[in-house]
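Protein chains in written order, with my numbering: chain F, 48 to 474; chain Y, 1166 to 1523.
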């Protein structure tokens, strides 16, 4: 009997201890993909995200004194695994980071039921910017429509009139995403838009698409590629001697490793981006001190200088800032998913805040509100100089007056198709 | 002891040819059904519903459809996923064009469309056999996925090119879409799968099933004894595609909630073919066993290290998982090339004669 009491006491003690440790952290899982066909582009992003959170945990003891449990759940970019991960993590998670348009589409309708914010920085559904309809989804700091608008703005209206623009895209929800905006702009400005889809099976062999490009002789090629498609398109462009300075990719098509394959021949290739690696930023020194020197990183020096790694840092910064704002508002460090939604809705990343974070120049300042879940930070045009990407433009801004009505219209269509869908008034 | 058949005398042909000539089989099935209908729904969590129970049932149904064609009628097909896609898109078009339609009726009707498409692509089977037929069905696979991508009417001109399941109500309860409860969806899937399974068991035991088996074994001999090969092969394609189409509609409407065209690409076809082969060709039970192995095992393996408290990175778990599943498939194929169903058949035989083996 005594034995039993002792055992029971031990169990009770363990339970107290157990709940104590569980409560002392915030669970912010990441649906990562370090395996599968998209791993090459996924790994640097995931490493950046992970290192930022590791650094916060080591330097500040987490956020607001609570450690962040930044566990990864492997999806391999497969929607099926993604849903499995979502179901597995949603019990304790304060956020879902779906990391694939397919998984986002799957999880998005459930967000109103499960009430966990979806954070999809720079991807997902562009109309998610409409916070009144998509109350739980965030694609901060810029959407795909922003990207398309900024690319056209960079080329310049006068250079587009009467010209032909080939839109080389992955034949997938992700690649089709900017089409409504591009079609509208093509009609407004008066250029010919030539959509050229690349099937998922043809990613690595785009000879048919580039034959078409050679035949049609477009003045510009705008590329919406991801994973193996980017390297395929860039090598094919070099092979067919398409002028590289007339080729512009979305931010997911600006991966250093894809360009390193062609090196000097890729000179002039451009990619729009909402992030930029600033290697001498104070943040990088902290990462070096608290993560790399401690041997806690999975990354390497070359990767850490790339665009994608620093984008991973920016993405984790957005989440961390959201948590911080939420903690201040809720008055407690242990926030709930709906607190975090408030936090992500009230982000105000100013130049001053970026300087405090040691991230000046790594991301443009932006601000979100209840009705605006994107923040529309704008972005920079990056150009490949043969060795790395360089910033070649001032801060570009998307045309809000064109995008906003489109967002509202598409969001309303989505809500209508998914009735009953709660729409907030955002007062 | 458990499976003692002594004393179970049959006094009529009818009794001898009954579905369960051995009483214990019926009891066992009863126990399984009680588990499926009562115990699992009461005990399962959301995670279990979404990653184990619902997908296993749907995959088993799809494999059953393929098994009718490949296992019973001997016509090799690599286009299963495309036929599932036909079912899913047909169901999507029906519920969006006719929102008043009962979702279950829509799901059952969507199979009719895939049956039609299946028969059309089954016509070459009248002239070609074996691997050559597999190539012909592969054409269906490529063509249909291409059609899902290009024919914008199919996905209601949605900008993303994907189909999204709307909230569908039935008698005041949501059965599909984001508002639907997993428990309700599980019961809908279970009911449809149960009815389909019963249908398949009876079809394969009846005249049609015997015709199919004769066609599979030696088609010339079958023709000589008066079996109409055209009828036999095309009915096999029809029934198989119907079941596969219903499975496809369930796949999207009761489980995934959204689908893009490349979901119905070859990997899914192969997955279902693996389930059918590992479970056992020419068996109904095998589809379930195969689905449990192929769908359930990775989930269990994935959650095991965390449950045991072993600190492994999730990407590592995934790598190990892929290797283990691959190794297990090879292991099962070496140990029992006729599939898990045959393994169960042997165990059952051993149990019947136990403890006095000859």
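Each residue gets a CB set at the ideal place from its N, CA and C atoms; glycine is no exception.
The beta carbon of residue 464 of chain F sits closer than 8 Å to some beta carbon of chain Y. Flagged as an interface residue toward chain F: residue 1332 of chain Y, by a C-beta distance shorter than 8 Å. One Cα belongs to residue 1400 of chain Y, the other to residue 463 of chain F, and the distance between them is close to 41 Å. Using a Cβ-Cβ cut-off of 8 Å, residue 134 of chain F is close to 1211, 1212, 1215, 1216 of chain Y, given in chain order. Of the candidates F/153, F/252, F/214, F/303, the residue whose Cα lies closest to the Cα of residue 260 of chain F is F/214. Residue 1168 of chain Y carries a coil assignment under DSSP once its states are collapsed to helix, strand and coil. For residue 1484 of chain Y, the nearest CB of chain F lies under 8 Å from its own CB, placing it at the interface with that chain.
Counting of Cβ neighbours within 10 angstroms places residue 220 of chain F among the buried residues, the total reaching 16 or more.
Only those residues of the segment 101-119 of chain F whose C-beta falls short of 7 Å from the nearest C-beta of chain Y are listed: 119. In the structure shown, the three-state DSSP call for residue 437 of chain F is strand. Take the alpha-carbon of residue 87 of chain F and the one of residue 1507 of chain Y: they are about 42 Å apart. Here residue 1251 of chain Y is buried. Its C-beta has 16 or more other C-beta atoms within 10 Å. Residue 1359 of chain Y sits in a helix when the DSSP states are folded into three classes. Taking the Cα positions, residue 1456 of chain Y is about 27 Å away from residue 1183 of chain Y. A Cβ-Cβ contact shorter than 8 Å links residue 199 of chain F with residue 232 of chain F. Of all residues in the segment 216-234 of chain F, those with a C-beta nearer than 7 Å to a C-beta of chain Y are 218, 219, 220, 223, 224, 226, 227, reading in chain order.
Classified as exposed, residue 1315 of chain Y has fewer than 16 neighbouring CB atoms from the shown chains inside 10 Å of its CB.
The distance from the Cβ of residue 283 of chain F to that of residue 254 of chain F is about 7 Å, consistent with a contact at the 8 Å cut-off. Exposed is the label assigned to residue 1210 of chain Y, since fewer than 16 other Cβ atoms lie within 10 Å of its Cβ.
Spatial neighbours of residue 1339 of chain Y in its own chain (CB-CB distance under 6 Å, excluding positions within 5 residues in sequence) are listed in chain order as 1332, 1345. The criterion of a C-beta distance shorter than 8 Å is not satisfied by residue 124 of chain F and residue 212 of chain F.
For residue 318 of chain F, DSSP records a beta bridge to F/296, F/429. DSSP assignment within the segment 198-275 of chain F yields the following whole beta strand (DSSP E) runs of 3 residues or more, N-terminal first: 211-217, 239-245, 267-271. Residue pairing by DSSP leaves residue 393 of chain F without any beta bridge partner.
For residue 121 of chain F, the C-beta contacts it makes with chain Y under 7 Å involve 1479, 1480, 1482, 1483, in order along the chain. The C-beta of residue 1185 of chain Y has fewer than 16 other C-beta atoms within 10 Å across all chains shown, which makes the residue exposed. When Cβ pairs closer than 8 Å are counted between the two stretches, the segment 1409-1424 of chain Y is seen to touch the segment 1248-1267 of chain Y, the count reaching three or more. In the structure shown, residue 1427 of chain Y adopts helical secondary structure according to DSSP, grouped into three states. According to the DSSP assignment, residue 360 of chain F belongs to the alpha helix (DSSP H) that extends over 354-377. The beta carbon of residue 1231 of chain Y is closer than 7 Å to those of 1242, 1245, 1405, 1409, 1437, 1438, 1441 in its chain, skipping five residues each way along the sequence. For residue 176 of chain F, no beta strand (DSSP E) run applies, since DSSP gives it neither H nor E. Membership of residue 1232 of chain Y in the alpha helix (DSSP H) is indicated by the continuous run 1219-1232. Per DSSP, the continuous alpha helix (DSSP H) segment holding residue 1388 of chain Y begins and ends at 1384-1389. Rounded to the nearest angstrom, the Cβ distance from residue 1429 of chain Y to residue 1229 of chain Y is 18 Å, too far for a contact under 8 Å.
Close to residue 1464 of chain Y, with beta-carbon spacing below 7 Å, are these residues of chain F in chain order: 131. A straight line joining the alpha-carbon of residue 394 of chain F with that of residue 321 of chain F spans about 16 Å.
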